[in-house]
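Each remark here refers to the structure printed beneath this line.
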Amino acid sequence: RLLPLFVFLVLHILCISCDSLLLTVIVLCMTDNGVIIVQAAMYGRTDAEICSDGIPADQLANTQCFQIDTLKDVKSRCDGKKVCEISTNSFRTSDPCSGIYKYLDTTYTCFPAIHSVTCDDSLANLQCGEGQVLLIHGADYGRRDSTTCSLNLPASQLQNVQCSKPISILADSCNGKSNCTVKVSSSVFGDPCFGTYKYLEMAYSCHCKYLRLLFN
Numbered sequence: 014r015l016l017p018l019f020v021f022l023v024l025h026i027l028c029i030s031c032d033s034l035l036l037t038v039i040v041l042c043m044t045d046n047g048v049i050i051v052q053a054a055m056y057g058r059t060d061a062e063i064c065s066d067g068i069p070a071d072q073l074a075n076t077q078c079f080q081i082d083t084l085k086d087v088k089s090r091c092d093g094k095k096v097c098e099i100s101t102n103s104f105r106t107s108d109p110c111s112g113i114y115k116y117l118d119t120t121y122t123c124f125p126a127i128h129s130v131t132c133d134d135s136l137a138n139l140q141c142g143e144g145q146v147l148l149i150h151g152a153d154y155g156r157r158d159s160t161t162c163s164l165n166l167p168a169s170q171l172q173n174v175q176c177s178k179p180i181s182i183l184a185d186s187c188n189g190k191s192n193c194t195v196k197v198s199s200s201v202f203g204d205p206c207f208g209t210y211k212y213l214e215m216a217y218s219c220h221c222k223y224l225r226l227l228f229n
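Reading the sequence shown from the start, the letters are residues 14 to 229 in the numbering used here.
Now the structure itself:
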């Protein structure tokens, strides 16, 4: 029996953002069904030429300067989303090289995926076709706007839109399965903002199960 061959158009993007106290980097996918998958991220300086215009030579001298855990931080903010914002202020909690002018270097792909939203106290049902298995690209639980899952709810339960946290339990429970059902509840995911009505937002795709090891 011949196995189906699935071909995806994956757009690779390199984004370099010079440091600034007010800089907010916007990472986005322009394709209709693409979601962000961060491949690499570095905050610091590993090149003397990048972001060097008008900068004194002594602030460019150290090219072995990078913040630890930048990739982990950017992935937690952006993976599985169509758009995300990153403030370089968030990387200044510790300075990997004082006196050196730094930049944020991010490489990501726009990967075709299914975007799904499930309101609180409901079941999230993820399903793939015959011979395919799930791959979770990203999942957030909380609230990022006042309109999603808002029907007949009081304004007091919708006003906190800075309430969202990435969760890994969905990937742990569903990756590699042909279908998966998860209860959306703070008792499962934890409560990032008490008193706010929350929802689960996720991005996933279905892949031939015989190729699943390529995506681990």
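C-beta: ideal position from N, C-alpha, C; glycine also.
The structure presented is a predicted model; accordingly, all values stated were derived computationally and were not measured.
- Remark: C-beta atoms of residue 161 and residue 197 do not approach each other more closely than 8 Å.
- Looking at the DSSP output, residue 125 sits in a beta bridge with 47.
- About 7 Å separates the beta carbon of residue 215 from that of residue 151, a gap short enough to meet the 8 Å contact definition.
- The beta carbon of residue 145 lies closer than 7 Å to those of 191, 219, 220, 221 and 222 in the same chain, with the five residues before and after it left out.
- When beta bridges are read from the DSSP output, residue 103 appears opposite no residue.
- Under the criterion of beta carbons closer than 8 Å, residue 213 and residue 137 qualify as touching, at roughly 6 Å.
- Residue nearest to residue 204 within the set 165, 103, 134 and 186 is 134 (criterion: CA-CA distance).
- Exclusion of the five residues before and after residue 209 leaves 156, 170, 173 and 176 as the residues of its chain whose Cβ lies within less than 7 Å of its Cβ.
- Restricted to the stretch 183 to 209, the alpha helix (DSSP H) segments that are unbroken, complete and at least 4 residues in length are 199 to 202, listed in chain order.
- Per the coordinates, the alpha-carbon of residue 102 lies some 19 Å from the alpha-carbon of residue 41.
- Comparing alpha carbon positions, the residue from 163, 168 and 148 closest to residue 182 is 148.
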